Amino acid sequence: MTIQRMDNVAIVVDDLDAAIALFAELGMELEGRAHNEGLFADQAVGLDGIRSEIAMMRTPDGHGRLELSKYLHPEASAPSPAAPPPNTLGLHRIMFAVDDLDDTLARLRPHGVEPLREVGNYQDAYRLCYLRGPDGIILALAEQIG
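Residue numbers (our numbering): 696 to 841.
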């Protein structure tokens, strides 16, 4: 099994409106904005009490997407050399769509990659989780189930 595609890259920002304006100026289109919180978010991301606002930006060709995230709780932290948490300012994570999440996790474990918490279920449509990879890079895997 291999990944299906690179779904999006997320960047944690402090000023969501300014970030949207910057990427819009570069030619990206705003697909939408949403608030993210609840058990699903806590499970998938690996933090407790998450409240965030996200904006999804799309490249003009429609193939590339960038998720801009503003963490309201817990507040974003400044980057550090140690493995930073998922709400650190800057590059957040890279998400990949996979056809079998459990199989993919099993194949990644021998490489030292483990979920930050557990696999979350989003509205019976997706199963997903965050993982810490080499050099503290955070990856996310999502399997469409509905």
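C-beta: ideal position from N, C-alpha, C; glycine also.
Note that the structure is predicted; figures quoted are calculated from it, not measured.
DSSP bridge partner residues for residue i (one or two, in chain order)
i: Ala835; result: Met790 and Tyr825
i: Met751; result: Gly727 and Glu762
Nearest residue (CA-CA) to residue i, options the options
i: Asp795; options: Arg788, Leu803 and Ala771; result: Leu803
i: Ala801; options: Val814, Val704 and Ala773; result: Val814
i: His730; options: Asn703, Thr754 and His768; result: His768
i: Glu724; options: Ile833, Met752, Ile789 and Leu734; result: Met752
i: Glu809; options: Ala714, Val740 and Met696; result: Val740
i: Ser772; options: Gly733, Met701 and Val708; result: Val708
i: Ala736; options: Leu717, Gly841, Leu811 and Leu784; result: Leu811
i: Ala778; options: Ala705, Gln738, Leu826 and Asp710; result: Leu826
Boundaries of the alpha helix (DSSP H) in which residue i is found, first to last residue
i: Gln738; result: Leu734 to Val740
Secondary structure of residue i, DSSP reduced to three states
i: Thr799; result: helix
i: Pro810; result: strand
Backbone CA spacing between residue i and residue j [nearest angstrom]
i: Glu720; j: Gly759; result: 16 Å
i: Gln839; j: Gln699; result: 11 Å
i: Arg728; j: Leu763; result: 9 Å
i: Asn782; j: Ile833; result: 11 Å
Start and end residues, beta strand (DSSP E) containing residue i
i: Asp712; result: No beta strand (DSSP E) holds Asp712; the alpha helix (DSSP H) holding it covers Leu711 to Glu720.
i: Gly815; result: Gly815 to Tyr817
i: Val704; result: Ile698 to Val707
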